[in-house]
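> Position in the sequence shown (from 1) plus 1388 gives the number in our numbering.
Just so you know, even glycine gets a beta-carbon here, dropped at the ideal spot from N, CA and C.
My structure is below; once you've seen it, I'll send some questions.
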Amino acid sequence: MIEIERFLNEVLLNVRKPSRYIGGEPSSIRKNPAGRLRFLLVFPDTYEVGMSHYGLRILYHLLNEQEWIFAERAFLPWPDMMREMKKAGVPLFSLETKTPARSFDVIGFSLQYELSYTSLLAALDLAGIPLLSKDRSDGDPIVVAGGPCTTNPEPVAPFIDAFVIGDGEEVAIEISQIIFSVKSEPRRKRLEKLSEVEGVYVPSLCSMGVKGRFTIPENAKVKMRRVPSPWYQPVKQVVPYMEVVHDRGIVEIMRGCTRGCRFCQAGMIYRPVRELSPEKISEIIETLVKNTGYEQISLLSLSSMDHTAIDEVLRRLHPLMKDHTLSLSIPSTRVDSFTQEAAEIIASVRKTGLTLAPEAGTQRLRDVINKNITEDEILEAVESAARIGWKKVKLYFMIGLPFEEDEDVEGIVKLVEKVRRIVKKITVNVSVFIPKAHTPFQFSGFMDYETYRKRVDILKKLKRISELKVSDYQQSRIEALLSRGDRRLSDVILNAYHKGAILDEWEDQFNVQHWDTAIKESGIDESVYLDRMEKNEALPWDFVDTGIKKDFLWNEYLKASKAELTKDCRFYNCSGCGICDFRKIKNRLVFETTALPERQEEKWLNRT
């Protein structure tokens, strides 16, 4: 530890953003590790990205609330710092006590996006931990991974000892208890005990076979974990010394979404909807502001304006906003939930910018993806914002969606032109659609490059009226490959890492040549993973039971082909997705369907 601190004193002035590496922030926690389980939470990206992630904040404080757990944080250094560390022989270390990562009992990775897989390997390599699980000894930490990517864990299965699939609040404590109780046991014994926990997948205990075009775990079936509500909300969050990507306090006001957008993995796997009450939300925020001094709070969820009591939430927060000059940040907003009253309250202190996600440019394609909003609703939301002084709007769209035609992309241009007549400053972000596991569109193929170029040529018309950003095709292609892959992709990931691939989610760090060479050398046929998939095929992720029935996903895909809508089960009858047992697992709303606010009834019950 002393050597690491001496190293930091020598190099910090020579690297970019040195505060990434110093720790000691307000509300960070230091404990004596003696007699405790040593748990290192690693985010395989830079400090400013990782510290913006709410899941890391939850687990850090939740684990440290257990007297017997010593939990610390680590992040992937930027390449300049990594070079200095390797030159000096300094391993990956924790921020709090500068303890080498290899000295911990457990290392927990958060896998939020597939392009972080080479960064995961870089972190293990820097820590001095064997990259392959089979090469680790009894003295090495147990390497655990959680996050949305674990719903298809196979591409990184050889690198991970145990995956935690689903909500992590309860299972993090359970696996910690097990590892603590069997610390002295052989490594395989510890992994066998972990495999008994619901929601935990231990790849090394499963045999592999080939079914059709994919390699499949033959004796595996893992049920995704869910908590009844987002009950744990840290109110004394670590306040970074440097500006991070989302530099604000965060409160998760609800978890899950039942809107049923057919492209959205989170909207499928995080069902059902579980809302916190307005009283609880305002209490959490008031305490959080007092503890941290944050002047901006994010109301986090997949669709915060869909909270059935959002108007009441905002009314309760309004006095706090006035007293503390507090502003609210709402993630990407559903236009059909955006009301004049909500807009006025949010904008009353500081207009933080309005972000809307129409996703598609025509009504037909919005119906295909089950977005279920009209052009009139989009323009009405922008007009409401403009009336109270909002001058800047960000719009999100996708290209490469299933059943998309040129006319749908032309529709994006036409829609933006109409928005431009209402507000002058527009940013348009267009991402490349990636068919994700456990969604209705998992059966779709990935867009080819020729179609991409054709779509981008149409979108270039927007440059004269807005700021336009279109996702890189090659980066999206690799993400699609990794998200739809089986265990054979692990060789590609390992090979790409050895060729220099790292921080691939950063556009200025991504180098597709590393990946193309690795793919060629592995003999992988990309089309196996990027082409359309069939209902009766055994897919690499089928063994992960998210609760959503495969038949439901297929039927939704067929409905998409006919541009048919599926109604939101919060307001209508059960859609038959399979997630609810209607006892422990069910929608938990502040306002049940029979007592929905009028604004929701008008917007939804008259649609379709």
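1) Alpha carbon to alpha carbon, how far is Ser-1569 from Gly-1833? Give it in angstroms, no decimals.
2) Can you tell me whether Gly-1477 is buried or exposed? The criterion is at least 16 other CB atoms within 10 Å of its CB, across all chains shown.
3) Considering only C-alpha positions, which residue in the set Thr-1839, Pro-1541 and Thr-1603 is nearest to Gly-1788?
4) Name the two residues that bound the continuous beta strand (DSSP E) containing Asn-1817.
5) Do you know how far the Cα of Thr-1696 is from the Cα of Glu-1391?
6) To test your reading of the DSSP string, which unbroken alpha helix (DSSP H) runs of 4 or more residues are found completely within the region 1719 to 1776?
7) Using CA coordinates, which residue listed in Leu-1847, Lys-1938, Phe-1898 and Asp-1845 is at the minimum distance from Gln-1863?
8) Can you list, in chain order, the residues of its chain with a C-beta nearer than 6 Å to that of Ser-1819? Leave out the 5 residues immediately preceding and following it.
9) With DSSP run on the structure shown, which of helix, strand or coil describes Ala-1889?
10) Report yes if the C-beta distance between Glu-1484 and Glu-1460 is below 8 Å; otherwise report no.
11) Please work out which residues of its chain come closer than 6 Å, Cβ to Cβ, to Leu-1503, disregarding the five sequence neighbours upstream and downstream, and give them in chain order.
12) If you count every other CB in all the chains shown that lies within 10 Å of the CB of Thr-1750, and 16 or more means buried, which is it?
13) Decide yes or no for the touch test of the region 1677 to 1690 against the region 1628 to 1645: beta carbon pairs closer than 8 Å, at least 3 of them.
14) Kindly indicate which three-state DSSP category Ser-1670 falls into: helix, strand or coil?
15) For the alpha helix (DSSP H) that Ile-1657 lies in, which residues bound it at each end?
16) Which residue comes first and which comes last in the alpha helix (DSSP H) that contains Gln-1830?
17) For Arg-1662, write down the residues that DSSP places opposite it in a beta bridge.
18) To which residues of the same chain is Tyr-1442 closer than 8 Å at the C-beta, ignoring the five residues directly before and after it?
19) Evaluate contact between the region 1757 to 1772 and the region 1697 to 1716, counting only Cβ atoms and requiring at least three cross-stretch pairs below 8 Å.
20) Going by Cα to Cα distance, which pick from Val-1932, Leu-1519 and Val-1723 is closest to Arg-1613?
21) Where does Thr-1839 sit, in a helix, a strand or coil, going by DSSP?
22) Our contact map puts Pro-1518 next to Asp-1526 with C-beta atoms below 8 Å; I'd like the distance itself, whole angstroms only.
23) Output needed for Gln-1830: all residues of its chain with C-beta closer than 6 Å, excluding positions within five of it in sequence on either side, in chain order.
24) Measure the alpha-carbon distance for Ile-1495 versus Leu-1877 and round it to whole angstroms.
25) Pick helix, strand or coil for Leu-1953, following the three-state DSSP scheme.
26) In terms of DSSP beta bridges, what is Thr-1696 paired with?
27) Among Leu-1499, Cys-1965, Val-1399 and Asp-1513, which residue has its Cα nearest to the Cα of Pro-1882?
28) Would you mind reading off the limits of the beta strand (DSSP E) that contains Tyr-1784?
29) What residues match up with Thr-1603 in a beta bridge as DSSP calls it?
30) Name the one or two DSSP bridge partners that Ser-1686 has.
31) Assign Glu-1914 to one of three DSSP states: helix, strand, or coil.
32) The beta strand (DSSP E) with Ala-1489 in it runs from where to where?
33) Looking at Pro-1541 and Ala-1654, is the spacing between their C-beta atoms short of 8 Å?
34) Report, in whole angstroms, the separation of the C-beta atoms of Leu-1464 and Ser-1507, which I expect to be a contact under 8 Å.
35) Give the list of continuous alpha helix (DSSP H) stretches no shorter than 4 residues that lie fully inside the region 1461 to 1542.
36) Who pairs with Tyr-1589 in a beta bridge, going by DSSP?
Well, looking at it:
1) 46 Å
2) Looking at its Cβ environment, which holds fewer than 16 other Cβ atoms inside 10 Å, Gly-1477 is exposed.
3) Ranking the options by Cα distance to Gly-1788, first place goes to Thr-1839.
4) For Asn-1817, the enclosing beta strand (DSSP E) stretches over residues 1813 to 1820.
5) Going by the C-alpha atoms only, they are around 54 Å apart.
6) 1728 to 1734, 1751 to 1756 and 1763 to 1775
7) When only C-alpha atoms are compared, the closest one is Phe-1898.
8) Met-1786 and Ser-1859, listed in sequence order.
9) coil
10) yes
11) Glu-1867, Asp-1892 and Glu-1893
12) buried
13) yes
14) helix
15) 1653 to 1657
16) Element bounds for Gln-1830: n/a, residue is neither H nor E.
17) Arg-1643 and Arg-1976.
18) Ile-1638, Glu-1640 and Leu-1688
19) no
20) Val-1932
21) Here DSSP, grouped into helix, strand and coil, assigns Thr-1839 to helix.
22) Between Pro-1518 and Asp-1526, the beta carbon gap of about 12 Å keeps them out of contact (Cβ cut-off 8 Å).
23) Pro-1823
24) 23 Å
25) Looking at Leu-1953 - three-state DSSP - the assignment turns out to be coil, as it is neither helix nor strand.
26) BP columns for Thr-1696 are empty, so no partner.
27) Before going further, note that residue 1882 is Leu rather than Pro in the sequence given. If we check each option's Cα against that of Leu-1882, Asp-1513 comes out closest.
28) In the DSSP annotation of this structure, the continuous segment of the beta strand (DSSP E) that includes Tyr-1784 starts and ends at 1780 to 1787.
29) Under DSSP, the beta-bridge partners assigned to Thr-1603 are Val-1598.
30) Ile-1638 and Ser-1717
31) Coil, per DSSP.
32) No beta strand (DSSP E) holds Ala-1489; DSSP gives it neither H nor E.
33) No, Cβ-Cβ distance for Ala-1654 and Pro-1541 is not below 8 Å.
34) 5 Å
35) 1467 to 1476 and 1505 to 1515
36) Phe-1551
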